[in-house]
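Student: Under the numbering used here, the first residue of the sequence shown carries the number 815, and numbering increases by one thereafter.
Glycine is no exception: its CB is placed at the ideal position from the N, C-alpha and C atoms.
On a predicted model such as this, the values are computed, not experimentally measured, just so you know.
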Amino acid sequence: LYSNCVYHKCSVQVSSNGAAASGQVAQIGATAQDPQQQQQQQQPNAWQVIKGVLFRIFIIWAISSWFRRGPSTPDPNTPAGAPRVPSRNLFPKDTLMDLYVYISENEIFTDFNNTEVLFWYQQDLVYGDWTTGESGDGCYEHYLELGLSESVKQNGSIYIHIYFTKSGFHPDPKRKGQYRRLSTVHATRMLNKYKRRKFLKTKNLLTGETEADPEMIKRAESHGPVEIISHWHPNLTINMVDDHTAWVKGSVPPPLDQHVKFDAVSGDYYPIVYFNDYWNLQKDYYPINETLQNLPLRLTYCPLSLWRWQLYAAQSARSPWNFLGEDTYEQSDEDQDSVKVALLETNPYLLGLTIVVSIVHSIFEFLAFKNDIQFWNSRQSLEGLSVRSIIFGVFQSLVVLLYILDNETNFVVQVSVFIGLLIDFWKITKVMDVRLDRENRIAGIVPRLTFKDKSTYVESSTKIYDDMAFKYLSWLLYPLFGCYAVYSLLYVEHKGWYSWVLSMLYGFLLTFGKYNCTFVMAAFSLQFKSNIVLFTSQELLICIFGFLKV
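Listed below in structure tokens is the structure:
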């Protein structure tokens, strides 16, 4: 909210339907508007707005579907143009099967005869059975502590290998007569998880001292600003999806196509084995280091219905926009953690209220952007509008964007602030005449940008009150700005002088920004002789939240 809440947002503007400000309202009351001008300012009705929103939603859905659609893999055994035959599950309902779980440091497992790596062996499991097990829900559990080798302590990897075989068969391909390819389901996964630990080298810029842990400073000097550390979580659930859908190869919708594996010869598909760690919170992972001797591991086997698996698969699917980098994925995991904690620990009524408020907030944010662009796009006269506040708004939006980029904030927040900055830049072209001066080039090469006030702003009394508002405001804010800069330099640690400038400007705007609304509103109230001031829905909400922010 603060990225939009500075005093320029509370400039005396017009209502969301494009009506004039209070000074103009009084003038309109005396002189009727031109009918043609009224027709130009007439806004679309509610049905037109709804159609526009639905059209935008359809465009976004079509684009996202195009990006998410994976290429269909042609079946070499099927002639071109021939219809594809639906497949069947290689494990029919109520198939009796055995479970083999091996823990190894090798990603490709072949040591079936080593009993030390056999973590769990469970016989006579029934595929699709929901009544057996220790609790009568079809689930089985096994707990054991794993010994740690030196390679694992030194950031090595450890893998779990799952084999489901039909009863009487063995997963070792070397055992003739006991192994059968179509009767064996195999899945492998890395048990440990690598996370990035970032060292923020902050210090007092005047004294060079820091309150950081000396041990962390040494690790930062030896490993650099980012260290990759192996982490461990003691719980993991193995789900076997109870599904007998007649899937067609090449037509499985994403992201389910990543899990449905077809046999190349028979064309049928194997049962879906899903490693379910959805409820493993990021805060419950702990680093693997030399101080640990054993790693606890609790494995749970449970059947899983198709629709629940679809929910898990959709939530765990990675975005195909892989250019965002691993940092964005880590932020996404942290964001999902907050949702999981809310689902687990929040009162259902409070959770429902939170969802409603979030939806309303999203609607208001969309309407704020829409009304803002709509107002400035249709505005012809600048009488009653503060041009200086628009220019200052570009400055404060730029500060906020640079600050969140320097502190590596959530990607969604960065995009939202960046869009707001682009809108503020666009506003400059609506309140000033911007052109390229090709005669007076910079260094004789680059054309120079020139800015000139519009005639409707210069010829009106608005410019006088705009200058007056900024003059009175500077008397208060400049001393406060100097004091805050000294305080930030003396008592707050920073990464460098660049970070100090950004954090000082951002903190100052965040702390004293609410006074900006008060001063500009008071100044323009003098101009309009205490007439009623009209705001767009965005400006009014931003002012209210601005007063409550601090």
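What separation, rounded to the nearest whole angstrom, lies between the Cα atoms of Gly1258 and Ile1205?
Tutor: Along the sequence shown, one-based indexing puts residue 1258 at 444. Along the sequence shown, one-based indexing puts residue 1205 at 391. Going from the Cα of Gly1258 to the Cα of Ile1205 covers about 27 Å.
Student: Rounded to the nearest angstrom, what separates Val1213 and Leu1319 at their Cα positions?
Tutor: For the purposes of this step, residue 1213 is taken as the residue at position 399 of the sequence shown. For the purposes of this step, residue 1319 is taken as the residue at position 505 of the sequence shown. The alpha-carbon atoms of Val1213 and Leu1319 are separated by roughly 7 Å.
Student: Could you compute how far the alpha carbon of Val1300 sits from the alpha carbon of Asn1221?
Tutor: Within the sequence shown, the letter at position 486 stands for residue 1300. Within the sequence shown, the letter at position 407 stands for residue 1221. Rounded to the nearest angstrom, the two C-alpha atoms are 21 Å apart.
Student: Quick one: measure Cβ to Cβ for Leu939 and Ile974, integer angstroms, because I've assumed they're closer than 8 Å.
Tutor: Along the sequence shown, read from residue 1 onward, the residue named residue 939 stands at position 125. Along the sequence shown, read from residue 1 onward, the residue named residue 974 stands at position 160. So it is not a contact: roughly 17 Å between Cβ atoms.
Student: Which complete beta strand (DSSP E) runs does the segment 1054–1096 hold, if anything under 3 residues is left out?
Tutor: You should have 1087–1090.
Student: Assign Ile972 to one of three DSSP states: helix, strand, or coil.
Tutor: Along the sequence shown, one-based indexing puts residue 972 at 158. Ile972 falls in the coil class under three-state DSSP.
Student: Taking DSSP as the reference, what is the three-state secondary structure of Cys1297?
Tutor: Counted from its first residue, the sequence shown places residue 1297 at position 483. Helix, per DSSP.
Student: Just verifying my parser: in three-state terms, what is the DSSP assignment at Thr1051?
Tutor: Mapped onto the sequence shown, residue 1051 falls at position 237. Strand at Thr1051.
Student: So for Gln937, helix, strand or coil by DSSP?
Tutor: Here residue 937 refers to the residue found at position 123 of the sequence shown. It is a strand residue.
Student: Under a three-way DSSP split, which group does Leu1118 fall into?
Tutor: Position 304 of the sequence shown holds residue 1118. It is a strand residue.
Student: Rounded to whole angstroms, what's the CA-CA distance from Tyr1312 to Val1245? Just pull it up for me.
Tutor: Residue numbering aside, residue 1312 sits at position 498 when the sequence shown is read from its first letter. Residue numbering aside, residue 1245 sits at position 431 when the sequence shown is read from its first letter. Those two C-alpha atoms are separated by around 31 Å.
Student: State the beta-bridge partners of Thr1264 as determined by DSSP.
Tutor: Counting from one through the sequence shown, the residue named residue 1264 turns up at place 450. Note: Thr1264 sits in a beta bridge opposite Arg1249.
Student: Using only CA atoms, which one of Asp1186, Lys1241, Lys1184, Asn1224 lies nearest to Val1208?
Tutor: In the sequence shown, residue 1208 corresponds to position 394, counting from 1. Taking only the C-alpha atoms, the option nearest Val1208 is Lys1241.
Student: From Gly1081 to Leu1113, what distance separates their C-alpha atoms?
Tutor: Within the sequence shown, residue 1081 is the residue found at index 267, counting from 1. Within the sequence shown, residue 1113 is the residue found at index 299, counting from 1. Near 32 Å, if we compare the C-alpha coordinates of Leu1113 and Gly1081.
Student: Here's the rule: buried if 16 or more other CB atoms are within 10 angstroms of the residue's CB, otherwise exposed. What is Asn903?
Tutor: Along the sequence shown, one-based indexing puts residue 903 at 89. The residue is buried, with at least 16 neighbouring Cβ atoms inside 10 Å.
Student: Around the C-beta of Trp1123, are 16 or more other C-beta atoms found within 10 angstroms, so that it is buried, or is it exposed?
Tutor: For the purposes of this step, residue 1123 is taken as residue 309 along the sequence shown, with counting starting at 1. Under this definition Trp1123 is a buried residue.
Student: Considering Ile1205, what are the terminal residues of the alpha helix (DSSP H) in which it resides?
Tutor: Working through the sequence shown from its first residue, we reach residue 1205 at position 391. It spans 1201–1220 - the alpha helix (DSSP H) in which Ile1205 sits, taken as one unbroken run.
Student: Tell me whether the segment 1226–1242 and the segment 1266–1285 touch, counting them as touching only if at least three CB pairs, one residue from each stretch, are closer than 8 Å.
Tutor: no
Student: CA-CA distance, Ile1086 and His1000?
Tutor: Counted from its first residue, the sequence shown places residue 1086 at position 272. Counted from its first residue, the sequence shown places residue 1000 at position 186. Straight-line Cα distance between these residues: approximately 10 Å.
Student: Return yes when the Cβ of Pro1261 is within less than 8 Å of the Cβ of Asp1251, no when it is not.
Tutor: Translated into positions along the sequence shown, residue 1251 becomes position 437. Translated into positions along the sequence shown, residue 1261 becomes position 447. The answer is yes: Cβ separation under 8 Å.
Student: Spatial neighbours of Ser1211 within its chain, please: CB distance less than 6 Å, with the 5 preceding and 5 following residues excluded, ordered by chain position.
Tutor: Counting from 1 along the sequence shown, the entry for residue 1211 is found at position 397. Closer than 6 Å at Cβ, skipping near neighbours: Gly1234, Leu1235, Asp1238.
Student: Excluding sequence positions up to five away, which residues of its chain have a Cβ less than 8 Å from the Cβ of Glu955?
Tutor: Here residue 955 refers to the residue found at position 141 of the sequence shown. Glu948, Arg1112, Leu1113, Thr1114, Tyr1115, listed in sequence order.
Student: Check whether the segment 1039–1051 touches the segment 1096–1103, taking contact to mean three or more Cβ pairs, one atom from each stretch, closer than 8 Å.
Tutor: yes
Student: How long is the line joining the alpha carbons of Leu1125 and His1175, rounded to whole angstroms?
Tutor: To locate residue 1125, count along the sequence shown from 1; it is residue 311. To locate residue 1175, count along the sequence shown from 1; it is residue 361. Using only the alpha carbons, I get a separation of about 25 Å.
Student: Val1174 lies in the alpha helix (DSSP H); which residues open and close that run?
Tutor: As a working note, residue 1174 is residue 360 in the sequence shown. Note, Val1174: alpha helix (DSSP H), 1162–1192.
Student: Just the C-alpha distance for Trp1121 and Leu1287, rounded to the nearest angstrom, thanks.
Tutor: Position 307 of the sequence shown holds residue 1121. Position 473 of the sequence shown holds residue 1287. C-alpha separation (whole angstroms): 60 Å.
Student: Would you kindly check if the distance between the Cβ of Leu1014 and the Cβ of Leu1303 is under 8 Å?
Tutor: Within the sequence shown, the letter at position 489 stands for residue 1303. Within the sequence shown, the letter at position 200 stands for residue 1014. Leu1014 sits away from Leu1303, with the two beta carbons spaced by 8 Å or more.
Student: Rank Phe1089, Thr1059, Ser1119, Leu958 by C-alpha distance to the C-alpha of Thr1051 and give the top, closest one.
Tutor: As a position in the sequence shown, residue 1051 is number 237, starting the count at 1. Selected option, being the one with the closest Cα: Phe1089.
Student: Would you be able to state if there are at least three C-beta pairs under 8 Å between the segment 1104–1111 and the segment 1068–1083?
Tutor: no
Student: With Lys990 as the anchor, note down where its beta strand (DSSP E) starts and where it stops.
Tutor: Against the sequence shown, residue 990 aligns to sequence position 176. Lys990 -> no beta strand (DSSP E), and no H or E assigned at all.
Student: Which residue or residues does DSSP assign as beta-bridge partners of Leu910?
Tutor: As a first step, residue 910 is located in the sequence shown; it is residue number 96 there, counting from the start. Val940.
Student: Taking the CB atoms as reference points, tell me whether Val966 and Glu1041 lie closer together than 8 Å.
Tutor: Counting from 1 along the sequence shown, the entry for residue 966 is found at position 152. Counting from 1 along the sequence shown, the entry for residue 1041 is found at position 227. No; because the gap between Cβ atoms is not below 8 Å, this pair is not in contact.
Student: Leaving out the 5 sequence neighbours to the left and right, which residues in its chain are closer than 8 Å to Asp908 when beta-carbon positions are compared?
Tutor: Residue 908 sits at position 94 when you count from the first residue of the sequence shown. Within the same chain, Asp908 has close Cβ partners Val940, Tyr941, Gly942, Asp943.
Student: Applying the 10 Å Cβ sphere with the 16-neighbour rule, what's the burial state of Ala1078?
Tutor: Residue mapping note: residue 1078 aligns to position 264 of the sequence shown, counting from 1. Exposed.
Student: Nearest to Leu996 by CA position, among Arg1011, Tyr977, Arg1010, Thr1002, is which residue?
Tutor: Looking up residue 996 in the sequence shown gives position 182. It is Tyr977.
Student: I need the DSSP call for Ser1385, collapsed to helix, strand or coil.
Tutor: Here the chain has residues from 815 to 1364 only, and residue 1385 is not among them.
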